[in-house]
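Residue numbers for the sequence shown follow our numbering, beginning at 122 and rising by one. All C-beta atoms, glycine included, are put in the ideal place defined by N, C-alpha and C. Structure record follows, encoded as structure tokens.
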Amino acid sequence: MKKHLIKLACHSTPIFLNRNSRLPVLFVMLLITYSCKKKETPTPIVVTPTDTTTLRSVAPFPVGAAMNPDLIKDNTFYYKIASTQYSSLTPENVMKFAATEPALNQFSFSDGDYLVSFAAQNHMRVHAHNLIWYTSLPDWVVNFQGDSLAWESMFKTHIDSVAGHYKGKVASWDVVNEAIRDDNGTLRNQDVSAGDGSIWRRHLGPDYIARAFLYAHAADPNALLFYNDYGQEYDVVKLDSIIALVTGLKARGIPISGIGMEMHINVNDNNTGITTALQKLAATGLLIHISELDISLNPSNNQSMVLTDALEQAQSAEYQFVAETYRAAVPAAQRYGITTWEFSDAASWIPIYYNRPDWPLPFDASYNKKAAFYGLLTGLQK
Ligand code: 9MR
């Protein structure tokens with residue numbers, strides 16, 4: 122009888138109670154509520170993201186994106202997402218060597234300063250990127266003539282000046298970026314003409330890496346200093362070389378605080394490599410930053426590819442997997458955060474660099490949330 126009443130009540134509103142009923146009204150209503158809830162939510166209750174739930178509000182560690190000052194200034198959709206979704210900001214390009222020292226001893230900080238003040242206004246951490254990289258150098262560096270002392274002075278002056286300018290304004294730096302080769306895990310070296318050698322290694326010797334960290338620490342003693350590189354999830358030789366490099370630096374007392382794992386991945390990648398890499402990196406005891414995450418959907422360069430629901434769902438699941446695996450593999454005290462490389466498909470480097478259609482980020486090219494946004498959101502809070 123009771124069941125019958127409840128069953129009816131669950132499917133029909135309003136509920137009319139018999140005036141002569143002896144059951145207290147409150148009790149009946151509680152019973153109805155309980156029974157209806159049980160029926161309608163058979164699975165455990167999870168927090169359902171509403172349209173206003175932001176990444177930064179759910180993440181138990183900083184969640185960031187690479188950003189570009191021109192887009193913040195010129196595009197209101199970009200501005201809105203940049204200022205509300207993230208708790209950490211990485212300058213995508215404006216703190217690189219060519220941007221900060223376009224001519225010898227002439228420094229340019231206005232774009233970087235803009236991002237620093239945008240971050241402060243919106244209560245975001247700045248993770249600065251980068252001081253020393255083998256590429257994106259101005260021509261004057263590539264053509265620099267001088268003996269090893271002149272090279273050392275130019276190298277040190279750049280680090281002193283840039284890290285010194287941002288002292289106390291940024292939380293951290295990628296001090297040395299991508300110093301390890303892809304093929305055999307050794308240091309990039311002299312093959313500058315092939316495009317992947319390091320002019321720094323060539324002129325300064327292999328210990329330029331340690332000295333970059335020492336100079337950066339002297340210029341900004343409170344900044345956390347990172348070694349940042351790609352391919353750690355798919356190239357175990359490179360991963361092990363990076364771990365050997367940073368643990369060697371640490372053992373010598375070189376001030377290094379963390380490792381950036383770029384994670385430019387694609388939907389077809391082997392997830393085991395991601396889990397293994399995060400576990401091995403975490404075992405160093407250093408801070409671990411997923412520093413440049415994006416998930417390509419078109420790694421085979423198909424020029425006529427179109428975005429399908431199935432691809433969107435696969436990408437969403439992968440974003441969720443990355444965030445969940447980071448939480449599972451990296452102890453809380455070592456989580457420096459997860460940063461995507463930009464946040465909208467309109468601003469991603471991938472379609473330009475590979476000259477192909479692609480959709481690697483959590484917002485589409487019109488700045489709408491994709492399934493990937495919700496996958497990341499779920500992974501951050503689970
Ligand atoms: O996304 C960046 C792109 O706009 C630049 O043209 C390029 C060269 O400076 O660098 C891209 O960012 C790279 C980052 O600085 C280091 N890791 C790889 C990133 C993608 O190429």
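Secondary structure at A404: coil, using DSSP grouped into helix, strand and coil.
In this structure, the beta-carbon distance from F484 to F464 falls below 7 Å. Counting only runs that start and end inside the segment 417-485, the alpha helix (DSSP H) elements of at least 4 residues fall at 430-450, 471-474. With a 10 Å radius around the Cβ and a threshold of 16 neighbouring Cβ atoms, I473 comes out exposed. CA-to-CA, the gap between Y200 and L192 works out to about 7 Å.
With 16 or more neighbouring CB atoms inside 10 Å of its own CB, V215 falls in the buried class.
Take S209, set aside five residues on each side of it, and the residues of its chain with a beta-carbon closer than 7 Å to its own are P183, V184, G185, M245, R246, H248, G458, T460, in chain order. In the assembly as shown, A240 is a buried residue. Its beta-carbon has 16 or more other beta-carbons within 10 Å.
Relative to V283, the option among L252, V179, V297 whose CA is nearest is L252. It is roughly 46 Å from the alpha-carbon of K288 to the alpha-carbon of D430. In this structure, the C-beta of S257 approaches the ligand 9MR to less than 6 Å from one of its heavy atoms. The residue from Y255, G381, A438, R177 with its alpha-carbon nearest to that of L407 is G381.
If you check the C-beta of E213 against the ligand 9MR, you find a heavy atom less than 6 Å away. Between the C-alpha atoms of M426 and Y235 there is a straight-line separation of about 37 Å. In this structure, DSSP gives P190 a helical state, which the three-state scheme calls helix.
Shortest gap from the CB of W480 to any heavy atom of the ligand 9MR: 6 Å or more.
Residue burial annotation: Y329 is buried, with at least 16 other C-beta atoms found within 10 angstroms of its C-beta. A distance below 7 Å separates the beta carbons of R309 and R322. Inside the segment 215-256, DSSP marks whole beta strand (DSSP E) runs of 3 or more residues at positions 246-254, from first to last along the chain.
Residue A339 holds the alpha-carbon nearest to the alpha-carbon of I375 among E383, D260, A339. In this structure, the C-beta of W470 approaches the ligand 9MR to less than 6 Å from one of its heavy atoms. Taken in chain order, the complete beta strand (DSSP E) segments of 3 residues or longer contained in the segment 356-391 are 379-382, 385-387.
One thing to note: A444 has its Cβ within 7 Å of the Cβ of L497.
CA-to-CA, the gap between R373 and Y348 works out to about 15 Å. Collapsing the DSSP output to three states places G185 in a strand. Residue nearest to L258 within the set L399, Q242, F276, N243 is F276 (criterion: CA-CA distance).
Looking at A271, A203, D195, the one whose alpha-carbon comes closest to that of N226 is A271.
When the beta-carbon positions are compared, I416 and I395 stay at least 7 Å from each other. In this structure, W470 and W462 form a Cβ contact; the two beta carbons are roughly 7 Å apart against a cut-off of 8 Å. When DSSP states are grouped into helix, strand and coil, V296 belongs to the strand group.
As the crow flies, the alpha-carbon of P342 is around 15 Å from that of A331. In this chain, the beta strand (DSSP E) harbouring D350 covers 345-350. Residue range 209-212 is occupied by the beta strand (DSSP E) that includes L210, with no alpha helix (DSSP H) assigned at that position. In its chain, beyond the 5 residues on either side, G496 have a beta carbon closer than 7 Å to the beta carbon of A438. Sixteen is the threshold: when 16 or more other Cβ atoms of the shown chains lie within 10 Å of the Cβ of P212, as they do, the residue is buried.
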